[in-house]
Amino acid sequence: MRVIAGTARSLPLKTPEGMDTRPTTDRIKETLFNILQADVPGSVFVDLFSGSGGIGIEALSRGAQKAYFVENSEKAILCIRQNLSFTKMENRAIVIKQDVCSALGSICEAAADIIFMDPPYGFGHEKDVLAVLKTAKYVTEDTVIIVEAALREDFAWAEGLGFEVAREKRYKTNKHVFLRKRQPSG
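Residue 1095 in the working numbering sits at position 48 of the sequence shown; the count goes up by one each step and never skips.
Structure follows, in structure tokens:
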């Protein structure tokens, strides 16, 4: 795994040992950032279920102003810190070792521009996270929330939490679902 573009381009990243994380492939990461390219420079980027931190580091490399990395695994946190040090991006990163839903209250921003999450598939973590984000002050109508999910995952339930699916990008084995806060009608 490596950084694809920006100031840390081509630098290799470490990944935690074992099967606890599924690093996003370079090809999928490149497609994701091609979609987001206009939104990343100067942004506040939040990487939930960070794993190795590869997505948040890619955002920093491409000009994000700041990135939050939220992860509960000690091995993954160590890996994120090593990758941030190696890419010389520690000064623009906030690493939080905590359960994701609990950590969301530690984010102190007027607005988060992009929130990315790649939770373990099949446990419903994305529903729990969106239930918390629904009332988070830093989630505005302009915030883009991206969930990496299994192809079979249906996001019709998101509407009940006040979000709408703005876009879905399907790959061979998974997909990215782009969500936004629904505008109040009336």
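Note that CB positions come from ideal geometry on N, CA and C, so glycine has one too.
Keep in mind it's a predicted model, so treat the numbers as computed, not measured.
Inset, instruction - Locate the beta strand (DSSP E) running through V1194, then write down its first and last residues. - result: Taking the sequence shown and counting its residues from 1, one reaches residue 1194 at position 147. That run of the beta strand (DSSP E) goes 1191–1197.
Legend entry - First and last residue of the uninterrupted beta strand (DSSP E) at F1116: The sequence position of residue 1116 within the sequence shown is 69, counting from 1. It spans 1113–1118 - the beta strand (DSSP E) in which F1116 sits, taken as one unbroken run.
Inset, instruction - Within its chain, find whatever has a CB closer than 7 Å to the CB of R1214; leave out the 5 residues flanking it on each side and keep chain order. - result: Residue 1214 sits at position 167 when you count from the first residue of the sequence shown. Excluding sequence neighbours, R1214 sits near F1225.
Inset, instruction - Check each candidate in I1075, K1219, I1192, V1191 and name the one with the smallest Cα separation from L1198. - result: Here residue 1198 is taken as the residue at index 151 of the sequence shown, counted from 1. Among I1075, K1219, I1192, V1191, the Cα nearest to that of L1198 belongs to K1219.
Legend entry - Span of the beta strand (DSSP E), counted from its first residue to its last, around R1227: The residue you call residue 1227 lines up with position 180 of the sequence shown. Run containing R1227: 1221–1228, per the beta strand (DSSP E) assignment.
Legend entry - Residues of its chain near R1056, where Cβ-Cβ distance is below 8 Å and the 5 sequence neighbours each way are ignored: The residue you call residue 1056 lines up with position 9 of the sequence shown. Within the same chain, R1056 has close Cβ partners V1050, S1108.
Inset, instruction - List the DSSP bridge partners of E1211. - result: Here the question's residue 1211 lines up with position 164 in the sequence shown. Partner(s): R1227.
Inset, instruction - Work out the CA separation of E1137 and N1221 for me, nearest whole Å. - result: Locating residue 1221 in the sequence shown gives position 174, counting from the first residue. Locating residue 1137 in the sequence shown gives position 90, counting from the first residue. Using only the alpha carbons, I get a separation of about 30 Å.
Legend entry - For L1044: DSSP bridge partner residues: Because the chain is modelled from 1048 through 1233, residue 1044 falls outside the range shown and cannot be assessed.
Inset, instruction - Please work out which residues of its chain come closer than 7 Å, Cβ to Cβ, to K1061, disregarding the five sequence neighbours upstream and downstream, and give them in chain order. - result: Position 14 of the sequence shown, counted from the start, is the residue given in the question as residue 1061. For K1061, where only same-chain residues beyond five positions count, the Cβ hits under 7 Å are S1099, C1126, Q1129, N1130.
Inset, instruction - Name the one or two DSSP bridge partners that A1140 has. - result: Residue mapping note: residue 1140 aligns to position 93 of the sequence shown, counting from 1. Per DSSP, A1114.
Legend entry - Delimiting residues of the alpha helix (DSSP H) encompassing D1073: On the sequence shown, position 26 is the one that residue 1073 refers to. Per DSSP, D1073 belongs to the alpha helix (DSSP H) from 1073–1083.
Legend entry - DSSP three-state assignment for R1109, whether helix, strand or coil: Translated into positions along the sequence shown, residue 1109 becomes position 62. It is coil, neither helix nor strand.
Inset, instruction - Compare the C-alpha of I1192 against each of K1076, D1073, G1152, L1083 and name the closest. - result: As a first step, residue 1192 must be located in the sequence shown, where it is residue number 145. Nearest C-alpha to I1192: L1083.
Legend entry - Pick from A1052, V1091, F1096, I1075 that is closest to P1167, judged by C-alpha positions: Residue mapping note: residue 1167 aligns to position 120 of the sequence shown, counting from 1. Closest option to P1167, Cα to Cα, is F1096.
Inset, instruction - Check the DSSP bridge columns for K1216 and list the partner residues they point to. - result: Within the sequence shown, the letter at position 169 stands for residue 1216. Note: K1216 sits in a beta bridge opposite H1223.
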